[in-house]
Amino acid sequence: MTQHRFRITSAQAPAECPVPSELQSHAHYPSARARWELRARVPWSREEMSERARTHTVKMESGKSWIQTTFYKRECVKFLAASRDHHRCFPVCHVCQNLVRCCCGRLIGEHSELDSSSWLRPSGEEEVWCVVQHTKTSPTDAFGSIDFQGSNKCYCRAKYVRLSCDAKPEELCHLMLREWNMAQPKLLISVHGGTDNFPLPPRVGQVFSKGLIRAAETAGAWIFTDGFNTGVSMYVGDAVKAYGTYERRRRTVIGITPWGLIENHTDLIGRDVLRHYQTLGNPLSKRSSLNGMHSHFLLVDDGTLGKSGGQQELRRKLERHIQRQRIHPRLVQRVPLVCVVVEGGPAVLSTVLDYVSRSPPVPVIVFEGTGRAADLLSLIHKQTAEDRELDVNIKEDFLQRIENVFGVARTKAYQFFTLLKHCMEHRDVITIFDSESEDHLEADVAILTASLRGTPAEKLSITLAWDRADIAQQHVLGYGHDWKVGALEHAMLNALLMDRVSFVKLLIENGVTMKHFLTVSRLEELYNMQHQGSSDHFLRHIIEDAKKCRLPGRYKITLIDIGMVIEYLIGGAYQSTYRSKSFKAVYNRIHSELKAVRSFQHPEGLAKSQLSQMNHSLNSTEPHILTDAR
Numbered sequence: 350m351t352q353h354r355f356r357i358t359s360a361q362a363p364a365e366c367p368v369p370s371e372l373q374s375h376a377h378y379p380s381a382r383a384r385w386e387l388r389a390r391v392p393w394s395r396e397e398m399s400e401r402a403r404t405h406t407v408k409m410e411s412g413k414s415w416i417q418t419t420f421y422k423r424e425c426v427k428f429l430a431a432s433r434d435h436h437r438c439f440p441v442c443h444v445c446q447n448l449v450r451c452c453c454g455r456l457i458g459e460h461s462e463l464d465s466s467s468w469l470r471p472s473g474e475e476e477v478w479c480v481v482q483h484t485k486t487s488p489t490d491a492f493g494s495i496d497f498q499g500s501n502k503c504y505c506r507a508k509y510v511r512l513s514c515d516a517k518p519e520e521l522c523h524l525m526l527r528e529w530n531m532a533q534p535k536l537l538i539s540v541h542g543g544t545d546n547f548p549l550p551p552r553v554g555q556v557f558s559k560g561l562i563r564a565a566e567t568a569g570a571w572i573f574t575d576g577f578n579t580g581v582s583m584y585v586g587d588a589v590k591a592y593g594t595y596e597r598r599r600r601t602v603i604g605i606t607p608w609g610l611i612e613n614h615t616d617l618i619g620r621d622v623l624r625h626y627q628t629l630g631n632p633l634s635k636r637s638s639l640n641g642m643h644s645h646f647l648l649v650d651d652g653t654l655g656k657s658g659g660q661q662e663l664r665r666k667l668e669r670h671i672q673r674q675r676i677h678p679r680l681v682q683r684v685p686l687v688c689v690v691v692e693g694g695p696a697v698l699s700t701v702l703d704y705v706s707r708s709p710p711v712p713v714i715v716f717e718g719t720g721r722a723a724d725l726l727s728l729i730h731k732q733t734a735e736d737r738e739l740d741v742n743i744k745e746d747f748l749q750r751i752e753n754v755f756g757v758a759r760t761k762a763y764q765f766f767t768l769l770k771h772c773m774e775h776r777d778v779i780t781i782f783d784s785e786s787e788d789h790l791e792a793d794v795a796i797l798t799a800s801l802r803g804t805p806a807e808k809l810s811i812t813l814a815w816d817r818a819d820i821a822q823q824h825v826l827g828y829g830h831d832w833k834v835g836a837l838e839h840a841m842l843n844a845l846l847m848d849r850v851s852f853v854k855l856l857i858e859n860g861v862t863m864k865h866f867l868t869v870s871r872l873e874e875l876y877n878m879q880h881q882g883s884s885d886h887f888l889r890h891i892i893e894d895a896k897k898c899r900l901p902g903r904y905k906i907t908l909i910d911i912g913m914v915i916e917y918l919i920g921g922a923y924q925s926t927y928r929s930k931s932f933k934a935v936y937n938r939i940h941s942e943l944k945a946v947r948s949f950q951h952p953e954g955l956a957k958s959q960l961s962q963m964n965h966s967l968n969s970t971e972p973h974i975l976t977d978a979r
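Using my numbering, you'd call the opening residue of the sequence shown number 350 and step up by one each time.
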């Protein structure tokens with residue numbers, strides 16, 4: 350008897366999967382009291398085993414972890430005085446070491462490695478500080494877990510790593526998916542807005558918080574912020590606290606944070622450690638604390654101190670890399686990206702323009718009523734339309750409004766106004782969400798529908814990956830599209846394989862009939878499809894027991910095999926229709942004719958014609974038609 354490679358766990362067995370009474374006496378099955386859960390051992394794929402072996406080899410040879418051998422920190426190694434009044438005493442006195450700052454933001458004495466010849470610049474020479482020339486890399490010295498103080502909740506812990514601003518996005522994805530065991534994203538929500546604290550109207554704040562978290566959790570999204578405990582990132586953290594789950598694996602709020610702007614960042618130095626961190630920052634400091642409700646932090650180091658901006662390019666590259674990943678192994682669609690704007694300063698206008706100018710453009714949803722940049726975008730979106738210019742009076746009023754909102758002169762106001770006009774050239778991908786409107790959508794629906802792009806079939810596949818049948822019904826199937834032949838049937842097949850019960854019901858309501866859908870070809874595809882995440886097939890073991898032989902690695906399960914399994918499990922008291930002589934005869938005849946056409950050397954046109962006919966016969970033949978042949 351073949352030994353089954355599975356285990357039965359009664360504590361975790363689903364209540365809706367009882368053992369049939371006629372199977373309880375069978376030697377291979379547990380009692381009804383245990384219910385059942387059959388868990389196959391999941392061996393790594395060949396690629397995963399190779400990657401893990403390589404990682405293990407690196408660790409064994411160098412004594413360092415994969416993170417240490419992959420990610421680096423940056424430190425300034427050349428002092429360039431930020432002030433034009435160059436300090437000229439040599440060697441530099443102790444007083445001046447605590448007064449003169451480098452262009453990187455550090456004092457002379459704060460440079461760990463500094464060549465004394467680099468303290469002074471020759472007279473008249475103007476050298477511009479840059480990351481590539483004036484910093485050096487070394488293995489990262491800060492990664493592990495943060496335990497945020499001020500709460501005894503276990504969900505106030507986060508993974509973190511300090512890394513160089515030129516880290517590769519492929520390695521970042523490996524870090525998050527393999528090392529940190531994060532779930533594969535099905536949507537990426539990039540939140541932008543004010544970095545300083547700003548008031549948010551209670552109604553708007555509640556709608557934003559609830560909608561953002563519901564959209565993220567139901568769709569399996571990752572949320573990107575700057576990770577600080579100020580501004581819009583703080584409101585995202587509050588949303589997680591108020592509406593988020595306590596399940597750590599489902600909390601995927603990622604802060605992409607400049608290392609040099611973090612308050613008390615030296616407290617985080619240590620390799621593979623648990624660090625206690627206080628989120629209450631110094632109100633007089635120019636740096637900010639991390640937000641304790643984020644689940645992961647990428648601490649981007651460009652060698653500067655007290656300066657922002659070095660993380661933006663890395664965030665942009667990482668977003669683009671995630672966009673190129675498949676949303677689900679069964680689907681060819683890629684992970685959608687949507688930008689969410691709440692308040693914000695002038696930099697947010699440039700960020701929005703960057704998103705909408707990409708190819709393909711990234712949809713942007715702006716929460717009206719949150720202030721500054723968000724309200725300016727909302728206003729100009731309402732005042733403009735395609736191929737229409739603003740009236741002179743409206744333009745003057747708008748310029749005055751920009752001056753008041755951002756506190757800038759008229760010259761700067763013109764520049765920001767130009768940015769706004771360029772954004773409106775792509776107004777079709779900008780959605781304004783007004784929480785005060787009576788007919789507005791729920792915020793989560795607005796975020797998800799804004800990210801839906803492509804053909805109706807592609808939109809249906811994306812909502813299927815999210816398991817949001819409500820959005821598919823209202824915004825995809827509800828518009829009376831002309832669907833291609835087989836499109837809904839293909840969606841039904843994916844829904845069955847992905848265990849999307851609500852979509853199966855929805856597709857049946859929209860015209861898919863199971864009588865015509867369940868052809869011989871589709872039934873066999875369903876039986877041969879392995880469960881998601883498993884590379885071992887439990888059904889194959891039962892077939893091996895019934896046949897008393899070992900199946901080849903690429904063996905394809907047939908309906909005749911299924912009939913044999915049914916008879917084997919019941920114990921000979923029942924004859925399956927799939928094992929009847931008439932069914933076997935018709936089934937084998939179709940397969941043999943199809944095989945003959947594929948192997949016989951007919952003229953090309955005739956062979957293709959017969960092959961197409963045989964394939965159509967197999968794909969369209971319904972099992973009940975074959976059984977009726979008796």
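Ideal Cβ placement from N, Cα and C applies to all residues, glycine included.
Residue i burial status per 10 Å Cβ neighbour count (16 or more: buried)
| i | result |
| --- | --- |
| His865 | exposed |
| Tyr923 | exposed |
| Pro685 | buried |
| Tyr763 | exposed |
| Cys452 | buried |
| Cys688 | buried |
| Met863 | exposed |
| His625 | exposed |
| Ala758 | exposed |
| Lys508 | buried |
| Gly593 | buried |
| Gln749 | exposed |
| Asp575 | buried |
| Ala591 | exposed |
Short Cβ contact (7 Å threshold) for residue i with residue j
| i | j | result |
| --- | --- | --- |
| Thr601 | Ser644 | yes |
| Gly586 | Met642 | yes |
| Glu738 | Ile781 | no |
| Leu855 | Leu837 | no |
| Gly609 | Val581 | no |
| Ala723 | Val715 | yes |
| Leu813 | Asn843 | yes |
| Ala564 | Leu918 | no |
| Pro534 | Lys666 | no |
| Leu648 | Thr606 | yes |
| Ile729 | Leu769 | yes |
Residue i (DSSP reduced to helix, strand or coil)
| i | result |
| --- | --- |
| Glu785 | coil |
| Glu424 | strand |
| Gly619 | strand |
| Leu867 | coil |
| Arg938 | helix |
| Val853 | helix |
| Arg450 | strand |
| Ser699 | helix |
| Thr484 | strand |
| Ser800 | coil |
| Ser513 | strand |
| Leu813 | helix |
| Ala844 | helix |
Per DSSP, the bridge partner or partners of residue i
| i | result |
| --- | --- |
| Asp496 | Arg506 and His625 |
| Ile538 | Ile572 and Val687 |
| Gly604 | Thr574 and Phe646 |
| Val715 | Val690 and Ile781 |
| Ser931 | DSSP output for Ser931 lists no bridge partner at all. |
| Ser637 | Ile611 |
| Arg675 | Arg683 |
| Ala430 | Cys451 |
Cβ-heavy atom distance, residue i to the ligand COA, below 6 Å
| i | result |
| --- | --- |
| Glu738 | Here there are no bound small molecules, and the ligand COA is not part of this structure. |
Beta carbon proximity, residue i to chain C, threshold 7 Å
| i | result |
| --- | --- |
| Phe420 | Of the protein chains in this structure there is only one, and it is not chain C. |
Contact the region 779 to 790 vs the region 545 to 557: 3+ CB pairs below 8 Å: Enough Cβ pairs lie closer than 8 Å, so yes.
Between the region 801 to 814 and the region 758 to 775, do three or more beta carbon pairs fall short of 8 Å? no
Can we say the region 683 to 699 touches the region 826 to 843, given the rule of at least three CB pairs closer than 8 Å? no
Would you check if there are 3 or more beta carbon pairs closer than 8 Å linking the region 570 to 577 to the region 522 to 539? yes
Meets three-Cβ-pair contact criterion under 8 Å: the region 924 to 936 and the region 897 to 915: yes
Sufficient close CB pairs (3 or more, under 8 Å) joining the region 513 to 522 to the region 414 to 424: yes
Can you find at least 3 beta carbon pairs, one from the region 523 to 530 and one from the region 650 to 661, that sit closer than 8 Å? no
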